[in-house]
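Per the numbering used here, the very first residue in the sequence shown carries number 5; after that it's consecutive. Just so it is clear, CB atoms sit at the ideal spot from N, CA and C, and this is done for glycine as well. In this text, all values refer to a predicted model and were calculated from it rather than measured experimentally. Let me begin by presenting the structure, written as structure tokens, before commenting on it.
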Amino acid sequence: MINKINLEGLNSYRDVITKEEKEALSSYGITAEWQGGVNSKITTHNQKVGSSEIKKDFSFEIGEPNELLGDNSRPTPQDYLLGGLAGCMMVGFVVGASNNNIKLDDVKLHITGTLDLRGFLNVNPESPVGFDTIEFSFEVKGNGTQEQYDKIINDVRQFSPNYRTITDNVKMKLVTH
């Protein structure tokens, strides 16, 4: 193992999903419960990976800063959005480095974005509602070259599910209960 990544296990799983397409599908879900004001509690559903069900019992809270009617005691939805993006990209980077036999000493991923709240608060119809641009940079210490790191970053941009969900046009579908 390099960088605490089980490459043998990963390659075995690749073999499984190459032979059995249905084993490659991974389903996720959450339930959000309003906690009063602008606060929500998020609880994860069990995850389905192929024919396996993975028990999940995680929860976290979301809020807003004082300026947006909160009390600044919880991360915002945007913090979690950028954090989920970062977590997914980090996995891809570390696995990519490990696949290239690069020993990593330290990796930091910085992600930033600016919202024009005039769009969100319907003050200016020409202001975007979401992030117009999200910027990221990796800070890496290890035995790889910058050229190797750049290739891995390009692979992350191509294969990170959260990166692609944000950059591609994902379909959102309202389902009534």
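For this session: Could you say if the region 115-127 and the region 146-158 meet the contact criterion of at least three C-beta pairs nearer than 8 Å?
Result: Output reads no: the region 146-158 does not touch the region 115-127.
Inset, instruction - Mark S164 as exposed unless 16 or more other C-beta atoms lie within 10 angstroms of its C-beta, in which case mark it buried. - result: Numbered from its first residue, the sequence shown carries residue 164 at position 160. By the Cβ-count criterion, S164 is buried, with 16 or more other Cβ atoms from all chains shown falling within 10 Å of its own Cβ.
From K59 to I21, what does the alpha carbon distance come to, in whole angstroms?
What you label residue 59 is simply residue 55 of the sequence shown in a count that begins at 1. What you label residue 21 is simply residue 17 of the sequence shown in a count that begins at 1. Distance between K59 and I21, taken at the CA atoms: about 21 Å.
Segments of 4+ residues assigned as alpha helix (DSSP H) that fall wholly inside the region 92-125:
Runs of the alpha helix (DSSP H) spanning 4 or more residues and lying entirely within the region 92-125 occur at 121-124, in chain order.
Worksheet item: Under 8 Å between C-beta atoms, does P69 make it to chain C?
Response: Among the chains of the structure shown, chain C does not appear; only one protein chain is present.
Quick check on DSSP: helix, strand or coil for T47?
For this step, residue 47 is matched to residue 43 along the sequence shown. It is a strand residue.
**Report entry** Residue nearest to H114 in terms of C-alpha spacing, selected from G96, V99, L89 and V98
**Finding:** The residue labelled residue 114 in the question sits at position 110 within the sequence shown. When only C-alpha atoms are compared, the closest one is L89.
K107 versus P129: straight-line alpha-carbon distance, rounded: Residue 107 sits at position 103 when you count from the first residue of the sequence shown. Residue 129 sits at position 125 when you count from the first residue of the sequence shown. Looking at the two C-alpha atoms, the distance is approximately 49 Å.
*asked:* Buried or exposed for V179, going by 16 or more other Cβ atoms inside 10 Å?
replied: Reading the sequence shown from its first residue, position 175 is the one you call residue 179. Classification of V179: exposed, given that the 10 Å Cβ count is below 16.
**Prompt:** So the beta strand (DSSP E) E143 belongs to, where does it begin and stop?
**Reply:** Within the sequence shown, residue 143 is the residue found at index 139, counting from 1. Start and end: I138 to G146.
Based on the DSSP secondary-structure assignment, which residues constitute the bridge partners of E24? As a first step, residue 24 is located in the sequence shown; it is residue number 20 there, counting from the start. BP columns for E24 are empty, so no partner.
Quiz prompt | Counterpart residues of K59 in DSSP-defined beta bridges | solution = Stepping through the sequence shown from its first residue, residue 59 is reached at position 55. Its beta-bridge partners do not exist; DSSP assigns none.
Within the same chain, show all residues whose beta-carbon is closer than 6 Å to that of E143, passing over the 5 residues directly before and after it, in chain order.
Your numbering for residue 143 matches position 139 in the sequence shown. Once the five neighbours on either side are set aside, the close Cβ partners of E143 are K112.
Quick one: residues in its chain with C-beta nearer than 6 Å to the C-beta of V160, no 5 flanking neighbours on either side, listed in chain order?
-> Within the sequence shown, the letter at position 156 stands for residue 160. Beyond the five residues adjoining it in sequence on each side, V160 comes within less than 6 Å, by CB distance, of M93, G96 and F97 in the same chain, given in chain order.
*Under 8 Å by Cβ, that's how I've got S63 and I46 pegged, so tell me the actual separation to the nearest angstrom.*
As a working note, residue 63 is residue 59 in the sequence shown. As a working note, residue 46 is residue 42 in the sequence shown. With 8 Å as the limit, S63 and I46 qualify as a contact, their Cβ atoms being about 6 Å apart.
- Query: Taking the beta strand (DSSP E) that I34 falls in, what are its first and last residues?
  - Reply: Translated into positions along the sequence shown, residue 34 becomes position 30. Annotation for I34: the continuous beta strand (DSSP E) segment containing it runs I34 to W38.
Open item on the list: Please classify S141 as buried or exposed, where buried requires at least 16 neighbouring CB atoms within 10 angstroms.
Closed with: Counted from its first residue, the sequence shown places residue 141 at position 137. Here S141 is exposed, its C-beta having fewer than 16 other C-beta atoms within 10 Å.
query: What residue from G146, N147, G117 and E139 has the CA that sits closest to V133's CA?
result: Locating residue 133 in the sequence shown gives position 129, where the first residue counts as 1. Ranking G146, N147, G117 and E139 by Cα distance to V133 puts G117 first.
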